[in-house]
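Residue numbers (the UniProt record's numbering), protein chains in the order written: chain A, 1 to 462; chain B, 1 to 462.
2 protein chains.
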Amino acid sequence: MDNLKPYVQQHKDRFINELIEILKIPSISADSAFNQDVIDMAEAVKNALEKAGCDSVEICETPGYPIVYGEKIIDKNLPTVLVYGHYDVQPPDPLNLWDSPPFEPVIKKTDIHPEGAIFARGACDDKGQMYMHVKALEYMTSSNNLPCNVKFMIEGEEEVGSESLAWFVKQNQDKLANDVILISDTGMISNQQPSITTGLRGLSYVEVEVTGANRDLHSGLYGGAVANPINVLSKMIASLHDENNHITIPGFYDKVEELSIEERAEMAKAPFSLEQYKKELDIDAVYGEKGYTTNERNSIRPTLDVNGIWGGYTGEGAKTVIASKAFAKISMRLVPHQNWEEITELFKNHFESIAPEGVRVSVKPHHGGQGYVTPIDSIGYKAAAKAYKDSFGTAPIPQRSGGSIPIVALFEQELKSKTILMGFGLDTDAIHSPNEHFGVFNYLKGIETIPLFYKYYVELKS
Amino acid sequence: MDNLKPYVQQHKDRFINELIEILKIPSISADSAFNQDVIDMAEAVKNALEKAGCDSVEICETPGYPIVYGEKIIDKNLPTVLVYGHYDVQPPDPLNLWDSPPFEPVIKKTDIHPEGAIFARGACDDKGQMYMHVKALEYMTSSNNLPCNVKFMIEGEEEVGSESLAWFVKQNQDKLANDVILISDTGMISNQQPSITTGLRGLSYVEVEVTGANRDLHSGLYGGAVANPINVLSKMIASLHDENNHITIPGFYDKVEELSIEERAEMAKAPFSLEQYKKELDIDAVYGEKGYTTNERNSIRPTLDVNGIWGGYTGEGAKTVIASKAFAKISMRLVPHQNWEEITELFKNHFESIAPEGVRVSVKPHHGGQGYVTPIDSIGYKAAAKAYKDSFGTAPIPQRSGGSIPIVALFEQELKSKTILMGFGLDTDAIHSPNEHFGVFNYLKGIETIPLFYKYYVELKS
C-alpha cells in the first residue's frame with residue numbers, strides 16, 4: 001500500500017469538500033421537524049457508497065429512519081468486514097453558543113488543530129468518522145487494494161436509541177454475516193498518542209414527570225400550602241446521590257464489576273493532566289464519586305445525570321406561579337454486566353416510590369443499551385493496533401470510554417462477532433455541544449489508517 | 001342610592017361588553033414583545049376614565065410603562081378617595097392549557113358561576129376589578145351620587161414589580177394626597193360569604209444561575225467526572241427546606257411575628273373544607289410547613305417556591321448532554337415585619353455560600369415588596385364592611401391573604417394613608433393560570449358595592 005499516503009494527499013481537498021457537503025444536511029433524528037433532511041441524508045450516503053465502489057447499495061426501510069446498506073463481495077472465501085456508522089446528528093441547540101451556524105461548515109485553525117478543523121454539527125459524531133470509511137473504500141477499490149469483502153450498514157437513529165437498527169439486525173443476520181465489525185464513533189487520547197477504545201458504557205435514558213395541582217396556581221394564594229412540583233422534583237433528584245456522590249437507587253451497583261488494583265494501575269498510566277482538564281473546561285474543581293479518579297469516574301463507574309429539566313415560567317421577567325407539572329430527562333451510564341432494562345426498572349420503581357404525598361410521579365423509559373468490553377488479544381484488535389502504529393508512528397493505548405454505543409452489545413449478541421472501535425476524534429471536539437469540530441489531520445489520518453487495518457486483519461487471519 | 005341596583009341592571013350588558021373590549025388587549029408587561037399593547041391599554045384606560053366623568057385624565061410617563069392618572073374634585077373640603085389598579089397582565093403561558101385564547105374573551109357558565117364568567121387573561125387580575133371602579137364612578141357622576149373627591153392611579157407594571165409606580169408616588173405626593181386608598185385586586189371567600197383582605201404577604205423574587213463547564217458536554221465522556229449544573233441546582237434548591245418544610249436560610253424567620261393562640265383561633269373560624277380544597281385542585285394531600293394549617297401556611301407564614309426552572313435539553317426525544325448552565329426563578333412570600341430587601345440579601349448570601357466546588361453560582365434579585373396589615377377598626381374598613389353587608393346581605397369576614405400587592409406598604413409610607421382591599425374575585429378564578437376568569441355576578445356586584453363604600457365612608461368621616 002505504498003500509494004496510500006500519496007493517494008490521500010492527492011485527493012485530500014476533494015475528501016474535505018465532499019464531507020462539507022453532507023455536513024450541510026441537518027439530519028437531526030430527535031426532532032421530527034427535520035424528517036425530510038434525515039431522509040435526504042440517507043440518499044447522500046447511498047450515492048457516496050456507490051461512487052466509492054460498492055457493488056450494490058440499498059436504502060432499507062424500517063419502522064423509523066432507513067438504514068443504508070452497501071457491500072462489495074470480492075470472494076466468498078475471504079473474510080468480511082462490516083462497517084457500522086450513523087448519518088443522524090444531535091440537535092444543535094443552544095444555537096446562540098455556536099460561533100458559526102451548525103449546518104454551514106467552516107474550517108478554522110485551533111491550538112490542537114494547527115492544520116485546521118471542520119466546524120459543524122456531526123463533523124466528528126459521526127458523519128466525519130463514518131465518511132473516512134467511505135473514502136478508505138474508494139482508495140482500496142480504485143487502487144485494487146481491497147483484500148477482503150466489505151459491508152456497510154449506516155443508520156439514522158443512533159442519537160435517539162437505534163431502535164430500528166436493532167429490529168433490522170435481528171431481521172437480517174445472514175445478510176449482515178461478518179468476521180469483524182469496524183466502527184469509528186469514538187475518540188483517542190491525542191493526535192500524538194493514539195488509543196483504541198476497548199470498553200463502552202451502557203445507557204438508560206428516562207423522562208420523569210411530576211404533577212401537583214390540576215392547574216398552574218398563584219404562588220401567593222397557594223404558596224406554602226400545596227406541593228410545588230418543581231421543588232419536589234428538585235428534592236427527588238437531589239436524593240438520587242448521597243454525600244459521597246454514590247447513586248442511592250437500591251440494587252443499582254449490584255452487578256458493577258470492581259476493577260483490580262492492577263487494572264486500575266494500568267488505566268492510570270494513560271497520560272492525563274488534571275490541571276489541563278480543569279483549565280480546558282474552565283472549572284475550579286472536578287466533582288464525582290468519592291474514591292475514584294476522574295478517568296475512573298467517566299469510564300469504569302456508572303453515573304446518573306440530569307440532561308434536561310423544565311417547569312413553570314421560564315420566559316423573560318417574573319411570573320409568580322406554582323406550575324402544575326415539572327419534567328426532567330435523566331440518563332444513567334452503565335458499566336459492563338449492568339443490564340440496562342433492569343436498571344431502568346430499578347430507577348422507575350425507586351423514583352416513583354420516593355414521590356411525596358400531594359404529587360403524582362410518572363417515569364417514561366426512553367431507550368438504552370448494554371455496556372461492552374472487547375479483548376485486546378483478538379485478531380481484530382491486533383490488526384487495528386498495527387494499523388495505528390504504522391500511520392501514527394506510535395503504538396495505540398487500549399482505553400475504556402465513558403460513552404455508549406448501545407448497539408455494539410447487540411451486534412455481538414445477534415451477529416456473534418466482535419467490534420473494533422477505531423476512533424479518530426478527540427475529547428475536545430465538542431461532540432453533542434456547540435462548535436462541534438473534527439480535525440483535518442484526524443480525518444485524513446483516519447482515511448490512511450483504515451486500509452491498513454484491512455491489510456493486517458486479512459494477514460493475521462490467514 | 002335607590003337607583004344604584006336598577007342602574008347596574010339597566011347597563012349591565014354594556015358594562016360587560018366594555019370590559020371584553022379591553023380584555024382583548026394583550027398588555028403583558030413581563031414580555032417586551034408586547035410593548036405596544038401595554039401602551040395601547042394605557043390609552044384605553046384614559047378614554048374610559050374620561051367617559052366615566054373624570055375632570056382631567058393624563059397619561060403620565062415614567063422610566064417604564066406610563067401611569068394613567070385621573071381625578072374628579074368636587075369640593076376641596078370633602079374627603080378624597082384614591083383608587084389604585086393595574087392595567088398590565090401576567091403572561092398567559094402555558095398557552096396549550098387554555099380552553100379558549102387568553103385574549104379572545106368568552107362568557108361561559110361554571111358550577112360556581114351559574115350566571116356565567118368572563119374567561120380571559122386579566123379578567124379578574126386586574127382589568128375586571130379595576131374597571132368596576134370606573135363603572136362605579138360612571139354611576140356616581142351620571143346620577144349625581146358622588147359624595148366626595150376621587151382620584152384614579154392605574155399602573156402598567158404591577159406584574160413585574162411596580163418599580164415605576166414607586167418612583168411616581170415619591171414624585172407626586174401632593175397630587176396623590178388622599179384620605180383613603182381603595183384597591184380591588186384581591187379575592188373573597190365565596191359569593192355567599194364576602195370577606196375583606198386585611199393582610200398581604202411581602203415578596204422577594206430572584207433568579208439564580210448555576211454554571212459548570214464552559215460548554216455543554218457529552219454526558220458519556222464527562223458524566224460523573226464534572227459537576228452537572230442541573231443536579232447541583234436541584235441539590236441546592238432541595239436544601240432550602242428541611243424535613244419539616246421549614247426554610248433553612250439563616251435568619252429567614254428572625255422577624256416573623258408568631259400569632260397568638262387567640263388570633264389563630266379567630267382565623268380558624270373562616271369556613272374552609274380541606275376535602276373540597278383537595279378535590280378542587282385534584283390532589284391527594286396538602287403539603288407544607290409542619291405545625292400550621294393550610295390557611296395559616298398560605299397567609300401568616302412565609303414561603304419559598306420555585307416559579308420556573310430550566311436547563312439542558314428540553315426538546316423532543318433524547319439528548320445525552322451535561323448542560324453548561326441551569327437556571328431557576330425563585331420567589332419568597334414574606335409576612336409583615338420581614339423586610340424584602342433584607343430577605344433578598346439573606347437569600348443571595350446563603351445560596352451563593354452553599355454552591356459546591358466545580359460550579360459558579362449567581363443570584364440576580366428581580367423585585368419585591370413589603371407585607372401589610374390593615375386595622376379593622378378604621379373608618380375605611382367599617383365603611384367597606386357596611387357596603388358589602390348592604391349589597392351581599394351578609395357581613396364580610398376579615399381575612400389575611402397570601403398574595404402580595406407590594407405597593408400597599410409603599411402607599412402607607414409615602415402617602416400616609418391606609419388602604420382598603422375591596423376584592424371581589426374568588427380563589428377559583430385561576431388568576432396567573434390558564435383559563436383565568438371573573439364571574440359576571442362578581443363584576444356587577446362590585447360595581448354595586450363600591451358606590452356604597454363612598455356613601456358610608458363620607459357619612460362615618462363627618
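For every residue, glycine included, the Cβ atom is placed at its ideal position computed from N, Cα and C.
Check, Outcome
"How far does the beta strand (DSSP E) with A/SER362 in it extend, from its first residue to its last?", "360-369"
"Looking at the structure shown, is residue 463 of chain B part of a helix, part of a strand, or coil, going by DSSP?", "Chain B is shown only over 1 to 462; residue 463 of chain B falls outside these bounds and no answer can be derived."
"Does the CB of B/TYR287 have a neighbour CB from chain E at under 7 Å?", "Note that chain E does not occur in the displayed structure, where the protein chains are A and B."
"In terms of DSSP beta bridges, what is A/ALA197 paired with?", "The question names Ala, but residue 197 of chain A in the sequence shown is Thr. Its beta-bridge partners are A/GLN399, A/LEU421."
"Report yes or no: do three or more beta-carbon pairs, one from the segment 32-39 of chain A and one from the segment 131-148 of chain A, lie closer than 8 Å?", "no"
"Cα separation between A/SER362 and B/GLU18?", "45 Å"
"Let me check understanding here. Comparing Cα to Cα, which of B/ASP125, B/THR110, B/GLN399 lies closest to B/GLU102?", "What sits at residue 102 of chain B in the sequence shown is Pro, not Glu. When only C-alpha atoms are compared, the closest one is B/ASP125."
"For A/LYS348, which option in A/ILE249, A/LYS175, A/ASN295, A/ILE196 has the closest C-alpha, if you only look at C-alpha atoms?", "A/ILE249"
"Name the chain A residues that come within less than 8 Å of B/ASP282, Cβ to Cβ?", "ALA213, ASN214"
"In whole angstroms, what is the alpha-carbon distance linking B/TYR381 and B/ILE309?", "41 Å"
"So, using beta-carbon positions, are A/ASP282 and B/ASN214 closer together than 7 Å?", "yes"
"Determine the DSSP secondary structure at A/HIS337, reduced to helix, strand or coil.", "coil"
"Report the neighbours of A/TYR205 on chain B: residues whose CB is nearer than 8 Å to its CB, in chain order.", "ALA318, THR320"
"Name, please, each residue of chain B whose Cβ falls closer than 7 Å to the Cβ of A/ASN228.", "ASP305, VAL306"
"Determine, using beta carbons only, whether B/TRP167 comes closer than 7 Å to chain A.", "no"
"Shorter than 7 Å from the beta carbon of B/VAL160 to some beta carbon of chain A?", "yes"
"Less than 7 Å between the C-beta atoms of B/SER162 and B/ILE376, yes or no?", "no"
"Please decide whether B/GLU436 counts as near chain A, where near means a Cβ-Cβ distance under 7 Å.", "no"
"Just the chain A side, please: which residues come within less than 8 Å of B/THR374 by C-beta, in chain order?", "Neighbours of B/THR374 on chain A: none; closest Cβ ~17 Å, over 8 Å."
"Please give the ranges of any beta strand (DSSP E) in the UniProt domain \"Peptidase M20 dimerisation\" (199-358) of chain B, keeping only runs that are unbroken, at least 3 residues long and fully inside the region.", "202-211, 303-312, 325-334"
"What would DSSP say about B/ALA120, mapped onto helix, strand or coil?", "coil"
"Is A/LEU78 helix, strand or coil when you go by DSSP?", "coil"
"Roughly how many angstroms separate the alpha carbons of B/ASP2 and B/ILE73, rounded to a whole number?", "24 Å"
"What is the rounded straight-line gap between the Cα of A/ILE420 and the Cα of A/PRO336?", "17 Å"
"Which first and last residues belong to the alpha helix (DSSP H) in which A/SER143 is found?", "No alpha helix (DSSP H) holds A/SER143; DSSP gives it neither H nor E."
"What residues match up with B/CYS60 in a beta bridge as DSSP calls it?", "B/ILE67"
"Considering B/ASN149, what are the terminal residues of the beta strand (DSSP E) in which it resides?", "149-155"
"Please classify B/ILE112: does DSSP put it in a helix, a strand, or coil?", "coil"
"Which residue's Cα is closest to the Cα of B/LEU182: B/PRO114, B/GLY85, B/GLY358, B/GLN90?", "B/GLY85"
"So A/ILE343 contacts chain B; which residues on that side make the cut at Cβ distance below 8 Å?", "None at all; the shortest Cβ gap to chain B is about 14 Å."
"Grab me the residues of A/LEU444's own chain with a C-beta within less than 6 Å of its C-beta, minus the 5 sequence neighbours each way, in chain order.", "VAL8, LYS12"
"In chain A, what lies closer than 9 Å to B/LEU217 by C-beta?", "LEU281, ALA430, HIS432, SER433"
"State buried or exposed for B/LYS269, treating a residue as buried only when at least 16 other CB atoms are found within 10 Å of its CB.", "exposed"
"How far does the beta strand (DSSP E) with A/PHE438 in it extend, from its first residue to its last?", "437-439"
"If you compare alpha carbons, which of A/GLU209, A/GLN192, A/CYS54, A/SER27 is closest to A/LYS127?", "A/SER27"
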